[in-house]
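J.: Residue numbers (this note's numbering), protein chains in the order written: chain A, 1 to 251; chain B, 1001 to 1254. The structure follows.
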Ligand SMILES: Nc1ncnc2c1ncn2[C@@H]1O[C@H](COP(=O)(O)OP(=O)(O)O)[C@@H](O)[C@H]1O
Ligand SMILES: [Mg+2]
């Protein structure tokens, strides 16, 4: 069965040189794609998690009574929202990467503490996190002041009010916008290719650099993977949205 | 905060003492020197036209609204100080609002349990037992697991009362708690408040329910444009009102 599929695509590559699905019959190329896929998933999951944490913390800091804290968060948002993520990746890796300390695991080679993968996670998390702060803040603003006042008059602290009243309610309002931003983030992970993070796009480009006839087949795979990946994310998010739905509340 | 030694409050003294309380919102002076005392176990009703500053006054008592001048002492503790121990105050004073303001993402039971668990740090099972008892007390047995959105206005308001009581306050503030309700459901909330008053809870309530005020109040204050125009025990207040403003208000509302 497997053999016959491999044979079919091997033959297809012979007859149609533009459609060389090399990764379907060459185990070496298949392994490269497997690695790329794992890296893409890793990058996506880490960036989604960190960017949500950044959003939650940032939205909390935006409610601070200290002007400089609010200004700092505002500055952060402006910077990451208004500049291209591609430039951010390059800047983090090449500019900031120079100043980070290195260590030497074998006493021979100097390795930076933060790898290119590390920088990609940091850079992309902050990029999406900037949007998440704004998204959560909009959700928090949708919570009536009177609800907060009720919590306040029961003696709850500012942090307790945020954690147990504001955030859970804001989250429900924010989910559709959060959804969009996280979809965007997952797609943006492909840009990590510019700092040589071996994610899926990087691996596919390497493959068609080695086998130029595989270019179309590689692109097709890229689309298929992202349609599935984003599909899973969106499905997960809407299941979550349904689970959070409160009887008798909201739309 | 424990470093500050609380001067013991003598229960023969007023539990709430307001002296010349002033409050402005920008140029608008809403409270123009309000003074009165509330004794422990008393029920005080504040009545007056809309916009006369009743809500502002009641919110000053638990420091939801800071005021500009004057003094409010709750169990002998001054509220109008820079470093007020808000938590201590909020534990003593419960408030119920016109719009219930329940936590919509929590069930009735969770609404009642939240503050005692988080603020008083009491064990969950103890709080739960108390919360269930309170829900029975406000006659909502069977609604423990309903969300606010699934309850009627009157039911929500009674959950809000139970939520406040769960903190074991010494004083309860009620700000027009029946104003948003259908006439049929007003009664069920008033019954709950009447029971509380009968148990000796100190209550300050802003209300438009004159019949109810007459029945349960020890003292009635009529406010207009930030001042107390007239006050007295219900027996005399309704029949012997002297000020034309009071008379006009009463004639409109009765
Ligand atoms: N937070 C606020 N900011 C500005 N004005 C306010 C605020 N709260 C109340 N006011 C004004 O103060 C006046 C008294 O309001 P309020 O105490 O709510 O009156 P009442 O409860 O008797 O109807 C009104 O004119 C109202 O518009
Ligand atoms: Mg009012």
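Ideal Cβ placement from N, Cα and C applies to all residues, glycine included.
1. Using the DSSP secondary-structure output, state which residues sit across from residue 1077(B) in a beta bridge.
2. Which residues does DSSP list as the beta-bridge partners of residue 1173(B)?
3. Is the Cβ of residue 1218(B) closer than 8 Å to any Cβ of chain A?
4. So residue 150(A) packs on residue 1101(B), CB below 8 Å; how close in whole Å?
5. Could one say the Cβ of residue 246(A) lies closer than 8 Å to chain B's Cβ atoms, at least one of them?
6. Give the DSSP bridge partners of residue 1023(B), in chain order.
7. I want to verify the contact list: residues of chain B whose CB lies under 7 Å from the CB of residue 165(A), in sequence order.
8. Does the separation of the CB atoms of residue 1220(B) and residue 1047(B) fall below 8 Å?
9. Considering only the alpha carbon of each residue, which of 148(A), 162(A) and 95(A) lies closest to residue 58(A)?
10. Assign residue 1255(B) to buried or exposed, taking buried as 16 or more other Cβ atoms, counted over all protein chains shown, within 10 Å of its Cβ.
11. Tell me whether the beta-carbon of residue 1000(B) lies closer than 8 Å to the beta-carbon of residue 1074(B).
12. Residues of chain A with CB closer than 9 Å to the CB of residue 1109(B), please, in chain order.
13. Return no unless some Cβ of chain A is closer than 8 Å to the Cβ of residue 1221(B).
14. Hey, how far is the Cα of residue 104(A) from the Cα of residue 98(A)?
15. Do residue 1153(B) and residue 1181(B) count as a contact pair if the criterion is CB distance below 8 Å?
16. Taking 7 Å as the cut-off, is the C-beta of residue 1206(B) nearer than that to any heavy atom in ligand 2?
17. State yes or no: is the C-beta of residue 146(A) nearer than 7 Å to some heavy atom of ligand 2?
18. Taking residue 1014(B) as the reference, which of 1245(B), 1037(B), 1029(B) and 1206(B) has the closest Cα?
19. Among the residues of its own chain, which have a CB less than 6 Å from the CB of residue 175(A), if the five just before and after it don't count?
20. Please look up how many angstroms separate the CB atoms of residue 1189(B) and residue 1158(B), rounded, as I've assumed it's under 8 Å.
21. Between which two residues does the beta strand (DSSP E) holding residue 1222(B) run?
22. Would you please verify whether the beta carbon of residue 1097(B) is less than 8 Å from any beta carbon of chain A?
23. For a contact meaning CB atoms closer than 8 Å, what does residue 1167(B) contact in chain A?
24. Would you say the beta carbon of residue 1030(B) comes nearer than 7 Å to a heavy atom of ligand 1?
25. Pull up the DSSP beta-bridge partners for residue 1232(B), would you.
26. Under 6 Å Cβ to Cβ from residue 1079(B), same chain only, skipping five residues before and after it: list those, please.
27. Taking the C-alpha atoms as reference points, what is the distance between residue 32(A) and residue 125(A)?
28. Any C-beta of chain B within less than 9 Å: which residues of the segment 168–191 of chain A qualify?
29. With 9 Å as the C-beta to C-beta threshold (strictly closer), list the residues of the segment 1150–1164 of chain B near chain A in chain order.
30. Relative to the C-alpha of residue 1021(B), which residue among 1228(B), 1151(B) and 1166(B) is closest?
31. Compare the Cα-Cα distances from residue 1251(B) to each of 1210(B), 1059(B) and 1235(B) and report the closest residue.
32. Using a Cβ-Cβ cut-off of less than 7 Å, give me the residues of the segment 1114–1132 of chain B that come near chain A, in sequence order.
33. Could you pull out every residue in the same chain whose Cβ sits closer than 8 Å to the Cβ of residue 1029(B), ignoring the five residues on either side in sequence?
34. Got a sec? Which residues, its chain only, sit under 8 Å from residue 1052(B) by beta carbon, not counting five neighbours each side?
35. Are residue 39(A) and residue 199(A) close, meaning C-beta to C-beta below 8 Å?
T.: To lay it out plainly:
1. 1074(B)
2. 1095(B) and 1204(B)
3. No, residue 1218(B) does not count as interfacial toward chain A.
4. With a Cβ gap of about 4 Å, residue 150(A) and residue 1101(B) count as contacting.
5. yes
6. Note: residue 1023(B) sits in a beta bridge opposite 1031(B).
7. 1103
8. yes
9. 162(A)
10. Beyond the ends of chain B as shown, which are 1001 and 1254, falls residue 1255(B); an answer cannot be given.
11. Residue 1000(B) is absent from the structure shown; chain B starts at 1001 and stops at 1254.
12. What residue 1109(B) touches in chain A: nothing, since even the nearest Cβ is about 14 Å away.
13. no
14. 16 Å
15. yes
16. It does: the Cβ of residue 1206(B) is within 7 Å (strictly closer) of some heavy atom of ligand 2.
17. no
18. 1037(B)
19. 241
20. 6 Å
21. 1219–1224
22. yes
23. 154 and 155
24. At least one heavy atom of ligand 1 is nearer than 7 Å to the Cβ of residue 1030(B), so yes.
25. Note: residue 1232(B) sits in a beta bridge opposite 1220(B).
26. 1063 and 1072
27. Distance from the CA of residue 32(A) to the CA of residue 125(A), rounded to the nearest whole angstrom, comes to 25 Å.
28. 168, 169 and 172
29. Those would be 1150, 1151, 1160, 1163 and 1164, in chain order.
30. 1228(B)
31. 1210(B)
32. 1114, 1115, 1118 and 1119
33. 1022, 1023 and 1226
34. Here the set comprises 1223, 1224, 1225 and 1226.
35. yes
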